[in-house]
Structures are given as structure tokens and as C-alpha cells.
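**Q** Input: one structure, supplied below.
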Amino acid sequence: MNVKVFEKLHAEGLLSDASLESVKTAEANRLFSLHWEIKTLLYLGVLLLSGGLGILIYKNIDTIGHQVILLIIGVICAGCFSYCIRQKAPFSWQKVNSPNAFFDYALLLGCLTFVTFIGYLQFQYTAFGTAYGLATVIPLVVLSVSAYYFDHLGVLSMAVTNLAAWMGIAVTPFQLLSANDFSSDRIIYTGVALGIILLLLALISAKKNLKKHFAFTYQNFGAHILFIACIAGMCMYEATYLLWFLFMAVVGAYVYLQAFKEGSFYFVLITVLYGYVGVSIVVTRLLIRSNDIDGIYTGLLYMIGSAIGVIVLLIKLNKKIKHARV
Amino acid sequence: MLAYSSLSLDNLEIKEEAEKALRKECIDVPAYKAIEAAHPVNFYTPNPVIKIGLFILTAVIVCFSLGLLTLISFDMLRSEKGFASLCVFVGLACYGVLEIFIREKKLFRAGVDDALLWSAAGLLVCSVTYLYDGYSSPISWCFFTFAITLLATLRFADMVMAGVSFLALLGLAFTLLIKLGPVAKTVIPFAIMVLSLAVYAIGRSWMKQYAFRHYNWCLTVVSVLSLLTLYLAGNYYVVRELSNTMFDLQLEEGQSIPGALFFWIYTTVIPLVYLYLGIRKKDAILLRTGMILLAAIVFTIRYYHSVMPLETAMVLGGLVLTTGAWALIRYLKTHPHGFTYVEPDEPSLADKLKVESLIIAQTYTPGAHTPSNTTDFGGGTGGGGGASGDY
């Protein structure tokens, strides 16, 4: 806080002596927080450690033998999990704060090594048979249980990513578009299914009050996947693109209403933007039919005009949510 | 000079300070309401998330307007010069709209104004440079970028403009010094260092001055960038590789540059100096820049000398980082010397959007992939929304 500002306010008679004093003491006792710096270091450390161990093992496979490697990974993983179990606060369906700063990262390291452990077992011994599904289901189960049991949003995101991988699509944020081939039917339908499942999970978390703060993560992954699958459907299917558009409208209305209930600017924004892309695709498809240079002019004018319209809409919505919140 | 009313900017600061005091319970709600009423802020600033949407949409409008105008005047343009003139026109139009919006609609960091400013600056820089000498030499590039972004910074106090302006200034110095010929390769690193240090010193002293209070964020950006360039100007990797390409030294592998010892010491010492000063002065800018540059030391050394294999380095580094952080957290429990591990109480957008969990998801790849029946992973398109249907 800038003490000068408060002195000025005090001189104007807007601030009592006591308030000014408390501002001054608060400012004098202010501590310099290293929270984010240390968190970054810890996270980098965990990443380096799990990555480095992975490579180390891979390179020395001939000299130390598979059992030893498995043992090492297993010990680290077990160590992390036993630390977490000893430290954790009692389980509750509400938000549980982590007991100390190290806890979150120990859990993360434990989960990462566990996934390596299972992957290694499967690769080396095909322990789970040739039904590859099982090798992904086990991490999925362990990750989801840990996410709920220890209340860790990062692990929950890992579980969601794993669920998607099990169903056959990549939902890693920056690879959502590049790693999936949205021209294949299977991916589109899987995306729709996964999106609906995640949105349902979000609804259940929020409604039944089961780890309510997890709802955002589910809703976030779910809404993006579902919208992208719908857009892919609109682009891919000549005959049924209007049906896909209708479906998208239903999804959009649902996400929009939820967003308003929660007062979430973020979901309102993505609904509006995805919806806009959807409408634009329909308009473009209709314009392409006209097969005429005028179509291009109309298209450009449409884009300019509609973007202005959406801006006005967003500004209105911004106002509306603000009032809805107060 | 500033496009915004100075009184409103002051009131905005007062309001933000009062909000902080309210959060810390130094003042009560009636006092806050009274302060808010006595210092009204008439800016229009939407929620940060909505702002991103407004930014994207405005950028879409500018792009399509440019496209439409090009299409309409296609016959008149004929040459590249004609197109450049059109870009000047659109850039000026963006600027005009921006001024009107700020005056009439009181936009302030609303997304629309940022997009208009960036596109105006971008269009003007490209087209003016082209119109000036026809082939866009690096010197005129840097000069016009510097001049236009500097003017934009002064008028709109925009952080990005300030940063670009500083980098363009360095670029200008670099391109001018290269003309010196063979002397250049010894002079340039030191010239850039001196320039960065000077800008840093000036920036930090202006930050404390009342007259520059509205430019505080611009000056912060410039200080961070100048600390980075101060380091990079003497970083061994940067100096060696850059002089190798720019001055055609034809260094063999393992061969080093004149004055290598100096640059090696510089490479390893400067980040530690930043860290030390950052901790001494409790200066977040120095501290965080120092932390980032620690990584630069590691990468520079590893590039030339393989001290140990990568995986051993990773494991050791990971161990050092985790135990170090663990020790720091324990040490900070009693708040020694005014430091703490307690989270700062300012609510941040990153928190609300759960950015941390997304980063974890980004760096994590599920262990065993389900083999798919179709083997067409990896080559996907973005959905292919058509030429004008998607952006």
C-alpha cells in the first residue's frame, strides 16, 4: 500500500486517524512474500527429478536390471504416498487445504512416478496383458482417487487427461488441436462423449457438493472438448452440419446458463466465442453456395459487422454479470 | 501528452489502494464507500477475461476491414507502394478510432483499445518503413519502430509499446554500431551493456518520481527487459554465437572468442548479483529476473562443457531444487528479515482460472497410450473452418 495516498485521503477528511495508523502499521509490518518463487522452484525440481530418473533408468537398463529399476521407482512412489498419507488432513467432501507446502509436490512426484511404474511394468512384462486398456485404467483410477482423497487440482487435471487418453484423444491444453485428427468420425464422437461426461461430473460436483471446487476443472475441459467436437462436426459433415449446429446451440445454452449461475466471466466468454465461430461457419457455408464474387464481399462485411455486434454483446454481458453478482 | 485524464488515473490508483486496505481490514466498508464516492473513476474497464474476448474480436475486425478495403481498391493499388499506402491509411484510421473511443467512451485497458493501438502501431511501422526506403533496411526498421512505439507509449502508457520501444532502441544501437566495421565486435557487447544499464538506472529513478506516476508499469517492463539485455549482452553463448555469425569469425568447435574469460565470469556472476541485490533490497523485479537467469547460466555452461550427462544433471538439479525449496520453506516459517512464505493476499486471475493445474496437465503425458485403430494421430488440422469462417 502506498502510504502517501492514505495520508492525502486523511488530509481530505476521508480517513479517520485510527485507519491511517492501521494502514501505516500494516505497511511497516509488511512481509516480502517468496511464495510463488519457491513454488516455481519446487515444481521445477519435481519435474527435473521425475524426468531425470526416467532417462537415467532408460539408459542404464542393461547394467542394473529391470527388477532393481522397478524397485527404485516403486520405493520413491511408495515413499511419496506414505508421506502424503501421514501428513494429510482428514478426508472431507469439502475443500481441504494442504497441510504444508511440500505436500502438494510430494503427491505430484508420487503420482508421476506411479504412472512411470505402471507404464514400465506394462512395457517390460506386459503385466496387464495385451488389453492395453487396463494399463491406462489403473493410473486413471489411482489418479482420480488421489485427486479426491488428497484434494489436489493438479492431479485431477492429470486424471482428466488420462481419462481422455483412455478414450483415445489428447486433451493436453496446447495439443488439443494439433494432436487430434478431428476429421475422423471416431474422434469427434469420442470428443462429444467425453465432453458430456465431464460436464456431468462438473454438475454433480457442484450440485451434490462433492468437492465443489473441482467443478471448474471438469467444466473447463468438458466445455472446450465439446465445443471443439461440435465445430469439427460442423466442418466435416456436409449433410448434417445444421444438426451439429443445433446440438452446439443446446450445449452453449447449457454452459451459458451455468456460467450465469456461477457469475463466471470466463465461461460466458468461451460460450460466446465458440458460438460465434459456429454461426460464422453456417454463414460461410451458405455464402459458399452462392458461388459468386459478391459472396466474398458479403462474407467480409458479415465478419466486420458481426464482430462489432459480438463486442457490443460482450460489453452488455459484462455489465449484466456484474449486476448479477452484486 | 497522455490520452487519459490525469485526475481519473490518480483516482484509479486511490481506489486500488483503498481496495487493498479494505482487504487487509485497515479501513471499514463505509470509509471505502466514501473514498470511492469522493474519487470517482469514470473509465470503462471490463473484467480481464472479457477483455481478452474484446481484444480478439477487435483484431478480427481490423483484419477483415483491411481485407475488404484491399478488395475494393484492388484496381487502384496496382503496386506494393499502393498497398503500403492503404496500410498507412488503415493504421491512421485505427489510431483515430482509438482516440475517439478513449475520449467519448472512456475506454481504459478494455481490450478494444489495446487491439486498436497494437494494430495501428504495427501497420504504421511496417508501411512507413517500406514507403521510406522501399526495401526496409534494418536501420530504418529499428528507427521507425522505436519512434512510433515511443510516441505510443507516451500517449497511451501501454506496457507492450514501452517494451517494444526499448528493444527497438537496442536494435537501432546495434545496427548503427555494426557499421563501424571490425571494431564493432569488441564494442557492441559493452555498448549494449552500458545502454541497458543506463536505461535501467533512469527507469528506476523515474519510477519514484511523481511526474511519471502514470508510467509506472511501462517503466517496470522496461526495467525487467533492461536487466535481461544487460545480462544477455555479456552472456558467453550470445556473444560467441552472435559474433560468429555477424562477423564471420569462422570459429571451430571448441575455439573461443577473445576475452572469453571475462565473458565467462560475467555469465556466471551477474545472475547471482541480481539475486543478491534482489534479496537485499527486497526487490521482486531483480529477484525474479535473477531466478530466470540462473537457468541461463546452466544452459550456457552445459552448451559448451558437458560436466555430466544430462540425466545426472537433471536428477541432481531436481534434488537440489526440491531440498533447497523445502529448506527455504522451513527457514521462512519464523519470517526472518521480513521474508515469508505466506501467500500474498492479492487475488490473482491465474488463481481463479486454476492456471497451475493446467500447467501440470500440460507437462504431463499419460503413460501408456491406447493404440487406436486408425493410425492417423499427429497430423491433425485445426478443424479447417474455411477461409473466412474461422480465425
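If you read the sequences in order, they're chains F and G.
Residue numbering for the first sequence is 1 to 326, as defined by the working numbering.
Residue numbering for the second sequence is 1001 to 1391, as defined by the working numbering.
No residue lacks a Cβ here, since even glycine has one placed at the ideal position from N, Cα and C.
1. Please state if the CB of residue 1149(G) and the CB of residue 1140(G) are separated by a distance shorter than 7 Å.
2. What residue from 1363(G), 1223(G), 1329(G) and 1362(G) has the CA that sits closest to residue 36(F)'s CA?
3. Starting from the C-beta of residue 1298(G), find all residues in its chain whose C-beta is less than 6 Å away, skip the five residues before and the five after it, and write them out in chain order.
4. Along the chain, where does the alpha helix (DSSP H) containing residue 328(F) start, and where does it finish?
5. Are any of the Cβ atoms in chain F nearer than 7 Å to that of residue 1335(G)?
6. Residue 194(F) and residue 225(F): beta carbons closer than 7 Å?
7. Applying the 10 Å Cβ sphere with the 16-neighbour rule, what's the burial state of residue 1079(G)?
8. Does chain F have any CB closer than 7 Å to the CB of residue 1364(G)?
9. Please tell me whether residue 1409(G) and residue 1165(G) are closer than 7 Å, where the distance is taken between their beta carbons.
10. With a threshold of 16 other CB atoms inside 10 Å of the CB of residue 258(F), please say whether the residue is buried or exposed.
11. Since residue 1021(G) and residue 1036(G) should fall inside the 8 Å C-beta cutoff, what is the C-beta to C-beta distance between them, to a whole number of angstroms?
12. From the DSSP output, in three-state form, read off residue 1339(G) for me.
13. What is the DSSP secondary structure of residue 148(F), reduced to helix, strand or coil?
14. Give me, in chain order, the residues of the same chain whose beta-carbon lies closer than 6 Å to that of residue 147(F); leave out the 5 immediate sequence neighbours on both sides.
15. Contact between the segment 1327-1342 of chain G and the segment 1298-1313 of chain G: three or more CB pairs below 8 Å?
16. Under 7 Å, Cβ to Cβ, is there at least one residue of chain G near residue 35(F)?
17. Nearest-angstrom Cα distance between residue 1273(G) and residue 1190(G)?
18. Kindly identify the DSSP beta-bridge partner or partners of residue 81(F).
19. Just to confirm the assignment, what range does the alpha helix (DSSP H) spanning residue 10(F) have?
20. On the DSSP letters alone, give me the boundaries of the alpha helix (DSSP H) that residue 333(F) sits inside.
21. By DSSP, does residue 1004(G) sit in helix, in strand, or in coil?
22. With three or more C-beta pairs closer than 8 Å as the rule, is the segment 108-123 of chain F touching the segment 70-83 of chain F?
23. Leaving out the 5 sequence neighbours to the left and right, which residues in its chain are closer than 8 Å to residue 1184(G) when beta-carbon positions are compared?
24. Taking CB distances under 7 Å as the criterion, tell me whether residue 1292(G) reaches chain F.
25. Sort out for me which residues DSSP pairs residue 32(F) with in a bridge.
26. Compare the C-beta of residue 22(F) with all C-beta atoms of chain G and state if any pair is closer than 7 Å.
27. Sort 246(F), 150(F), 102(F) and 217(F) by Cα distance to residue 230(F) and report the nearest one.
28. Candidates 168(F), 268(F), 306(F) and 205(F): which alpha carbon is nearest residue 186(F)'s?
29. Assuming residue 1116(G) and residue 1058(G) are in contact, meaning their beta carbons sit under 8 Å apart, how far apart are those beta carbons, in whole angstroms?
30. Pick from 198(F), 215(F) and 199(F): whose alpha carbon is nearest that of residue 205(F)?
31. For residue 1393(G), which three-state DSSP category applies?
32. Could you tell me whether any Cβ in chain F is nearer than 7 Å to the Cβ of residue 1053(G)?
33. Hey, does residue 1126(G) have any beta-carbon neighbour from chain C nearer than 7 Å?
34. Using a Cβ-Cβ cutoff of 8 Å, what residues of the segment 200-221 of chain F are near chain G? List them in chain order.
35. Could you compute how far the alpha carbon of residue 1395(G) sits from the alpha carbon of residue 1170(G)?
36. Which of the three DSSP states, helix, strand or coil, is assigned to residue 176(F)?
**A** By the coordinates alone:
1. no
2. 1329(G)
3. none
4. Residue 328(F) lies beyond the range of chain F shown here (1 to 326); nothing can be said about it.
5. yes
6. yes
7. exposed
8. yes
9. With chain G covering only 1001 through 1391, there is no way to say anything about residue 1409(G).
10. buried
11. 12 Å between Cβ atoms; not a contact.
12. strand
13. helix
14. 155, 156 and 159
15. no
16. yes
17. 18 Å
18. Bridge partners of residue 81(F): none, in fact.
19. 3-11
20. What is shown of chain F runs 1 to 326, which leaves residue 333(F) out entirely.
21. coil
22. yes
23. 1177, 1178 and 1247
24. no
25. 1339(G)
26. yes
27. 246(F)
28. 168(F)
29. 6 Å
30. 215(F)
31. Limits of chain G in this structure are 1001 at one end and 1391 at the other, which puts residue 1393(G) out of reach.
32. yes
33. Of the chains in the structure shown, none is chain C; the protein chains are F and G.
34. 216, 217 and 220
35. The requested residue 1395(G) is not part of the displayed model; chain G covers only 1001 to 1391.
36. coil
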